[in-house]
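**Student:** Residue numbers (the numbering used here): 230 to 506. Ideal Cβ positions, reconstructed from N, Cα and C, are used throughout, including at glycine. None of the values given here were measured: they were computed from a predicted structure.
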Amino acid sequence: MPELPEVETVRRGLAPVIEGRTFARVVQRRTTLRVPMPENFVARMTGRRVISIGRRAKYLLWTLDNGEVMVVHLGMSGRMSILSPPDKDGNGRHDHVVFHMDDGVRVVFTDPRRFGLITLVAENDLEDHRLFCHLGPEPLGNAFDGGVLSSVLRGRKSPIKTTLLDQKVVVGLGNIYVCEALFRAGISPRRSAATVAGKRADRLVPHIRDVLTEAIEAGGSSLRDYAGADGELGYFQNAHAVYGREGEPCPGCACGGGVQRIVQSGRSTFFCAARQR
DNA sequence: ACGAGAACCTGTTTGC
DNA sequence: TGCAAACAGGTTCTCG
Numbered sequence: 230m231p232e233l234p235e236v237e238t239v240r241r242g243l244a245p246v247i248e249g250r251t252f253a254r255v256v257q258r259r260t261t262l263r264v265p266m267p268e269n270f271v272a273r274m275t276g277r278r279v280i281s282i283g284r285r286a287k288y289l290l291w292t293l294d295n296g297e298v299m300v301v302h303l304g305m306s307g308r309m310s311i312l313s314p315p316d317k318d319g320n321g322r323h324d325h326v327v328f329h330m331d332d333g334v335r336v337v338f339t340d341p342r343r344f345g346l347i348t349l350v351a352e353n354d355l356e357d358h359r360l361f362c363h364l365g366p367e368p369l370g371n372a373f374d375g376g377v378l379s380s381v382l383r384g385r386k387s388p389i390k391t392t393l394l395d396q397k398v399v400v401g402l403g404n405i406y407v408c409e410a411l412f413r414a415g416i417s418p419r420r421s422a423a424t425v426a427g428k429r430a431d432r433l434v435p436h437i438r439d440v441l442t443e444a445i446e447a448g449g450s451s452l453r454d455y456a457g458a459d460g461e462l463g464y465f466q467n468a469h470a471v472y473g474r475e476g477e478p479c480p481g482c483a484c485g486g487g488v489q490r491i492v493q494s495g496r497s498t499f500f501c502a503a504r505q506r
């Protein structure tokens with residue numbers, strides 16, 4: 230479910246409410262998500278204060294006052310939501326962890342498919358941790374530009390669509406925003422990655438930045454179960470030019486063929502064959 | 001070393 | 001109506 234804009238939206242919803250608060254009680258209902266939960270998770274969390282909530286790639290990073298970081302990934306169907314008093318109880322079938330803060334605020338981690346994960350990592354070991362050591366640059370950071378992208382794309386024979394989904398190339402993009410960025414850049418998802426290196430990469434980078442930035446401003450894309458931490462739905466799905474729009478006319482293009490859906494590496498790709506070359 | 005495909009899960013939609 | 005297949009925002013492992 231969540232790509233960078235959705236995770237960032239969750240982070241922005243959580244941070245002002247949670248930063249500075251202490252875990253008064255933690256209720257853990259599952260020992261395993263995508264990977265096993267940390268040993269003694271409840272004991273290690275209880276009494277800790279949250280210094281800050283950050284993000285790297287699609288991971289939420291809760292920095293704690295003991296030098297550890299709670300790492301959260303939402304997988305395909307995960308949510309982290311703040312329950313306000315009259316709200317639901319956090320006892321749903323897929324509510325795996327409930328965090329009770331010292332001011333009465335409750336945060337629930339819900340994930341029907343359990344592709345998400347929660348783990349604890351020492352802050353100093355974060356960069357070298359197996360989850361992080363292979364990650365590419367942040368697409369909205371200074372370390373990402375056409376030259377950097379080109380250097381990774383050169384020598385890659387696979388289609389640009391699947392290459393951009395590889396978090397070693399650049400982080401944060403998922404199926405929606407790859408399709409949207411390639412559409413905006415007029416680049417065919419089937420084109421081999423190596424042929425995008427150079428001028429096409431220079432053209433693509435600003436579109437990646439723009440589509441992610443616009444999506445964050447819109448609170449992300451709410452298709453099925455995604456919502457921000459406050460339960461608000463994003464509305465960027467209304468701005469999707471191609472994703473999920475098979476058969477619809479391609480916006481701003483009189484090609485007549487409309488948006489096509491193909492499958493690449495087992496996942497749907499949406500694009501306009503006339504505009505994207 | 002690289003890339004395609006499978007696997008991990010549950011829920012919802014689609015098609016016969 | 002009913003059941004089976006297809007599909008879903010991600011990551012990681014295996015195999016060729």
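Do V271 and V350 come within 8 Å of each other at the CB atom, strictly closer than that value?
**Tutor:** In this structure, V271 does not lie closer than 8 Å to V350 by Cβ.
**Student:** Please report how far the alpha carbon of G333 lies from the alpha carbon of M309, in whole angstroms.
**Tutor:** Taking the straight line from one Cα to the other gives about 16 Å.
**Student:** For G403, which option in L243, E475, A286 and R273 has the closest C-alpha, if you only look at C-alpha atoms?
**Tutor:** It is A286.
**Student:** In the DSSP output, what is P388 paired with across the bridge?
**Tutor:** In the DSSP output, where bridge partners are listed per residue, P388 has S421.
**Student:** Going by the CB atoms, is the gap between T339 and G384 shorter than 8 Å?
**Tutor:** It is not a contact, given that the beta carbons lie outside the stated cut-off.
**Student:** Is the beta carbon of R263 less than 8 Å from the beta carbon of G319?
**Tutor:** No, they are not a contact pair.
**Student:** When the distance is taken between beta carbons, is Y288 closer than 8 Å to V279?
**Tutor:** Not closer than 8 Å, so no.
**Student:** What residue ranges within the stretch 425-454 form continuous alpha helix (DSSP H) runs of no fewer than 4 residues, ordered along the chain?
**Tutor:** Fully enclosed alpha helix (DSSP H) runs of 4 or longer: 428-446.
**Student:** When the Cα atoms are used, what is the spatial distance from V579 to L233?
**Tutor:** A question about residue 579 goes unanswered here, because the residues of the chain that appear run from 230 up to 506.
**Student:** Between which two residues does the beta strand (DSSP E) holding A185 run?
**Tutor:** Look at the range of the chain in this structure, 230 to 506, and you will see that residue 185 is not part of it.
**Student:** Can you look up G375 in the DSSP assignment and give me helix, strand or coil?
**Tutor:** In this structure, G375 counts as helix in the three-state DSSP scheme.
**Student:** In or out: Y464 buried (at least 16 other Cβ within 10 Å) or exposed?
**Tutor:** The residue in question, Y464, is exposed, as its Cβ has fewer than 16 Cβ neighbours within 10 Å.
**Student:** Would you be able to state if there are at least three C-beta pairs under 8 Å between the stretch 460-480 and the stretch 407-426?
**Tutor:** As far as the Cβ criterion goes, the stretch 407-426 touches the stretch 460-480, which means the pair count is three or higher.
**Student:** Measuring CB atoms only, is the stretch 371-386 touching the stretch 419-431, in the sense that at least three cross pairs come out at less than 8 Å?
**Tutor:** The stretch 371-386 is in contact with the stretch 419-431.
**Student:** Under 8 Å, do G321 and P368 count as touching if we go by C-beta distance?
**Tutor:** Not a contact, by the Cβ cut-off of 8 Å.
**Student:** Indicate whether V239 and A447 have their beta-carbon atoms separated by less than 8 Å.
**Tutor:** Result no, Cβ atoms of V239 and A447 do not sit closer than 8 Å.
**Student:** Going by DSSP in three states, P245 sits in which element: helix, strand or coil?
**Tutor:** Residue state, collapsed to three classes: helix.
**Student:** Please report the straight-line C-alpha distance between D431 and P245, rounded to a whole angstrom.
**Tutor:** Using only the alpha carbons, I get a separation of about 36 Å.
**Student:** Just list the residues that DSSP pairs S310 with in beta bridges.
**Tutor:** In DSSP, S310 forms a bridge with V337.
**Student:** Considering only the alpha carbon of each residue, which of K386, R438 and R343 lies closest to A372?
**Tutor:** The candidate whose alpha carbon is nearest that of A372 is R438.
**Student:** Straight-line CA distance for G485 to A502?
**Tutor:** Cα to Cα, the separation comes out at about 10 Å.
**Student:** As a quick exercise: from P314, R342, Y455 and S313, pick the residue whose alpha carbon is nearest that of H325.
**Tutor:** Here the closest residue by C-alpha is R342.
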